[in-house]
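Mapping of the sequence shown onto the working numbering: residues 36 to 201, in sequence order. Right, one structure below, let's go through it.
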Amino acid sequence: MTRSAMIAAAGIWLLLAIAAPAQEDDTEVYRGDPVPPEVDSLYVKGLAYLAKTQNKNGTWNAQYGSEPALVGLAILAMLAHGDDPNTGPYSENIKRGLDYILGKANQENGYIGGSMYNHGFATLALAECYGHVVDDRIGPALRKAVDLILSSQKRNGVGAWRYSPE
């Protein structure tokens, strides 16, 4: 076999190897049970209610409606529906909630709200929004919030969650 024939054969072999379809995996991927239509309908109605009753400042009028945890949980419910702060029917609601949470964060230590319960859910909402929204406030606030959680655990003798960061 000549050198040019060997190069041509190697080239053809390489092209066939690249173009060959990948072997299908026989393993079925379990994607979970579909959400029943009745449940999805209730979920959508709940989101619509939250959106309609949200105040301009990102809170609600309910007894605990201005707690950062409640605002964070509402943001998480909207995000779980597939919406994000940039597009979708709840984008403005998510942005208002984010603005509220960011406004409640202590600039020195990152503590959000009056309890670690509030702080935890507000931090989770910030983490879920981080990277989805162009807002230079989220990254530093999230870093401080997480650092506060970690330092709070270290200060506690058993390394556990407590009701306040002390």
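Beta carbons: idealized from backbone N, C-alpha and C, even for Gly. Fair warning: this is a prediction, and the values are worked out from it, not measured in the lab.
Check, Outcome
"I'd like to check one pair, Lys-91 with Gly-145: are the Cβ atoms closer than 7 Å?", "no"
"For Ala-202, which option in Arg-190, Ser-126, Asp-118 and Glu-102 has the closest C-alpha, if you only look at C-alpha atoms?", "Because the chain is modelled from 36 through 201, residue 202 falls outside the range shown and cannot be assessed."
"Are Tyr-161 and Ile-173 close, meaning C-beta to C-beta below 7 Å?", "The question names Tyr, but residue 161 is Leu in the sequence shown. Going by C-beta atoms, Leu-161 is nearer than 7 Å to Ile-173."
"Taking buried to mean at least 16 other C-beta atoms within 10 Å of its own C-beta, is Leu-133 buried or exposed?", "buried"
"Is the beta carbon of Val-168 closer than 7 Å to that of Ile-136?", "no"
"Straight-line CA distance for Ser-150 to Ser-199?", "5 Å"
"So with Cβ pairs under 7 Å, would you call Lys-179 a contact of chain D?", "No chain D appears in the structure shown, which is made up of a single protein chain."
"So, helix, strand or coil for Ala-140, using DSSP?", "strand"
"So, with DSSP's three-state summary, where would you put Val-168?", "strand"
"Along the chain, where does the alpha helix (DSSP H) that runs through Lys-30 open and close?", "Any property of residue 30 remains undetermined from this structure, which presents the chain solely from 36 to 201."
"Enumerate in chain order the residues of its own chain whose CB-to-CB distance from Ile-129 is below 6 Å, with the five nearest sequence positions on each side excluded.", "Ile-110, Met-113 and Pro-120"
"Identify the residues that DSSP records as bridge partners of Ile-147: which are they?", "Ala-140"
"Below 8 Å CB to CB, which residues in the same chain sit around Gly-81 once its five sequence neighbours on both sides are set aside?", "Ala-112"
"When DSSP labels each residue in this structure, what does Ala-180 get in the three-state scheme?", "helix"
"Spatial neighbours of Glu-127 within its chain, please: CB distance less than 6 Å, with the 5 preceding and 5 following residues excluded, ordered by chain position.", "none"
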